[in-house]
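Letter 150 of the sequence shown, counting from 1, is numbered 150 in UniProt numbering, and no numbers are missing.
All residues carry an ideal CB built from backbone N, CA and C; glycine is no exception.
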Amino acid sequence: MKPTATNPAAAIQGAQGRPDKAGSLSAGIAKFRELGLLLFIVLLSIGVQLRNPSFLTWENIGDIATNTAILGILSVGMMLVILTRGIDLSIGATLALAGMVSALTVSHYPGLHPLLAIGVGIGVGLACGIVIGFLVSWVNILPIIATLGMMNVFRGLTFETSGGKWVSAHQMPESFKAIATGSVLGINHLILIAVAVYIAAYYFVGHTRTGRRVYAIGSNPTSAEISGIRTGRILWLVYSIMGGLSGLAGVLWVSKFASAQGDTAAGYELSVIAACVLGGVSIAGGVGKLSGVILGAVLLGILNNALPMINVSPFWQNFIQGSIILIAVLVNALVKRGIDRNNLMRRKI
Numbered sequence: 001m002k003p004t005a006t007n008p009a010a011a012i013q014g015a016q017g018r019p020d021k022a023g024s025l026s027a028g029i030a031k032f033r034e035l036g037l038l039l040f041i042v043l044l045s046i047g048v049q050l051r052n053p054s055f056l057t058w059e060n061i062g063d064i065a066t067n068t069a070i071l072g073i074l075s076v077g078m079m080l081v082i083l084t085r086g087i088d089l090s091i092g093a094t095l096a097l098a099g100m101v102s103a104l105t106v107s108h109y110p111g112l113h114p115l116l117a118i119g120v121g122i123g124v125g126l127a128c129g130i131v132i133g134f135l136v137s138w139v140n141i142l143p144i145i146a147t148l149g150m151m152n153v154f155r156g157l158t159f160e161t162s163g164g165k166w167v168s169a170h171q172m173p174e175s176f177k178a179i180a181t182g183s184v185l186g187i188n189h190l191i192l193i194a195v196a197v198y199i200a201a202y203y204f205v206g207h208t209r210t211g212r213r214v215y216a217i218g219s220n221p222t223s224a225e226i227s228g229i230r231t232g233r234i235l236w237l238v239y240s241i242m243g244g245l246s247g248l249a250g251v252l253w254v255s256k257f258a259s260a261q262g263d264t265a266a267g268y269e270l271s272v273i274a275a276c277v278l279g280g281v282s283i284a285g286g287v288g289k290l291s292g293v294i295l296g297a298v299l300l301g302i303l304n305n306a307l308p309m310i311n312v313s314p315f316w317q318n319f320i321q322g323s324i325i326l327i328a329v330l331v332n333a334l335v336k337r338g339i340d341r342n343n344l345m346r347r348k349i
């Protein structure tokens with residue numbers, strides 16, 4: 001009796017069926033991760049609504065949207081940074097410095113047009129980002145070290161600029177405060193600005209060669225270099241964008257709260273990183289979608305709003321948020337491991 005011929009690919013799949021199935025499952029989870037996150041947000045909202053009927057009112061939904069706008073803007077920049085296997089711990093300090101400079105400027109020049117005030121803040125943030133980008137891309141300092149050091153530098157500059165004093169609401173003209181509190185057709189300016197940033201980021205990431213190169217650098221820096229991508233320029237650009245968005249956020253923050261302080265947004269960078277992680281951005285770089293980041297920011301915004309409404313103590317609020325972030329990190333790690341295993345099996349086949 002002649003032995004039956006076997007297909008090598010089928011033999012490998014038969015011998016390694018379980019890992020391949022696990023990899024396919026992980027790939028499927030990765031594909032529909034944003035859908036699962038959206039479903040979780042919907043279920044969470046329904047659960048909170050059952051506990052507190054005022055949660056899903058138009059007024060409260062508007063509050064959540066405006067409170068999440070600044071977080072979402074910063075999360076877009078942080079996504080680009082993390083995609084390149086970097087991190088930026090200085091964004092809270094950059095935000096504070098840009099907000100302080102813009103607040104001092106309008107307090108001395110009350111007639112300054114709001115768009116010029118926004119330009120001042122973006123300019124300060126852009127300068128901070130350029131410095132960090134230079135340290136990371138050309139001096140080759142690790143991002144966590146460069147941004148941690150510059151965070152303290154920017155905080156010091158903020159206190160030096162203000163002389164250790166606050167800029168309060170009565171020192172700011174109404175036109176400046178209207179940047180964050182005003183609306184167009186009933187839609188708050190913060191939401192409109194955030195949507196504009198999302199649209200620009202969507203085009204940059206998905207429809208430009210530079211955006212694709214950001215992913216390439218994060219996926220495999222060595223291959224990116226070999227293929228001719230100038231990684232130094234891309235890194236410089238990414239950190240500059242992060243700085244510019246931090247400067248914009250600084251103006252919006254100070255306008256919204258009508259107060260500029262030296263410790264403004266202290267620790268806020270952790271919330272921004274958490275939004276990216278919740279949205280499926282891999283700390284290992286090269287993986288992440290803008291839609292996921294937006295949903296991650298929305299989820300944090302809902303948690304910050306909903307937990308106090310259902311009388312959850314501050315301790316348990318931190319516990320719940322930390323647990324959700326940890327679960328998201330574990331899911332991301334398992335998904336990445338499954339995808340890598342699946343890709344390895346395909347190469348063997």
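How big is the Cα-Cα spacing for residue i and residue j?
i	j	result
Val167	Thr161	11 Å
Val131	Val331	35 Å
Gly292	Ile87	18 Å
Val277	Gly301	14 Å
Ser102	Leu115	11 Å
Gly149	Leu303	31 Å
Ala22	Phe40	Note that Ala22 scores a pLDDT of 47, beneath 50, so its modelled location is shaky and nothing firm can be said.
Ser219	Gly77	18 Å
Lys256	Ile64	14 Å
Gly111	Ile118	14 Å
Ala328	Val287	14 Å
Glu34	Met79	15 Å
Asn311	Pro53	13 Å
Val254	Leu71	14 Å
Val281	Leu252	25 Å
Leu38	Leu299	9 Å
Met345	Thr57	50 Å
Cys128	Arg51	45 Å
Ala258	Ile294	26 Å
Ala249	Ser107	19 Å
Ile141	Ala224	19 Å
Ile229	Arg213	7 Å
Report the CB separation of residue i from residue j in whole angstroms; it is logged as a contact under 8 Å.
i	j	result
Ala98	Gly267	About 17 Å; that fails the 8 Å criterion.
Ala93	Phe154	4 Å
Leu290	Tyr202	6 Å
Gly164	Gly262	7 Å
Val272	Ile145	Contact doesn't hold; Cβ gap of about 19 Å is too wide.
Of the residues the options, which one's Cα is nearest the Cα of residue i?
i	options	result
Met172	Ser223, Ser183, Tyr203, Tyr109	Tyr109
Leu126	Lys165, Ile241, Gly285, Ala224	Ile241
residue 357	Leu245, Ile179, Val48	No statement about residue 357 is possible, as the shown extent of the chain runs from 1 to 349 and does not include it.
Leu43	Ser313, Val329, Ala306, Ala328	Ala306
Ala274	Trp253, Gly322, Gly243, Gly123	Gly322
Ile283	Ile187, Tyr215, Leu157	Tyr215
Gly62	Thr231, Thr264, His207, Thr181	Thr181
Gly243	Ala260, Glu269, Thr222	Glu269
Ile191	Gln49, Thr68, His113	Thr68
Gln49	Gly206, Phe319, Ile325, Pro308	Pro308
By the 10 Å Cβ neighbour count, where 16 or more other Cβ atoms means buried, how is residue i classified, buried or exposed?
i	result
Ala333	exposed
Phe315	exposed
Gly296	buried
Thr147	buried
Ala196	exposed
Glu59	exposed
His189	buried
Pro143	buried
Phe55	buried
Ile217	buried
Leu157	buried
Would you call the segment 235-243 in contact with the segment 74-84, where contact means no fewer than 3 C-beta pairs closer than 8 Å?
With contact defined as three or more Cβ pairs closer than 8 Å, the segment 235-243 and the segment 74-84 are in contact.
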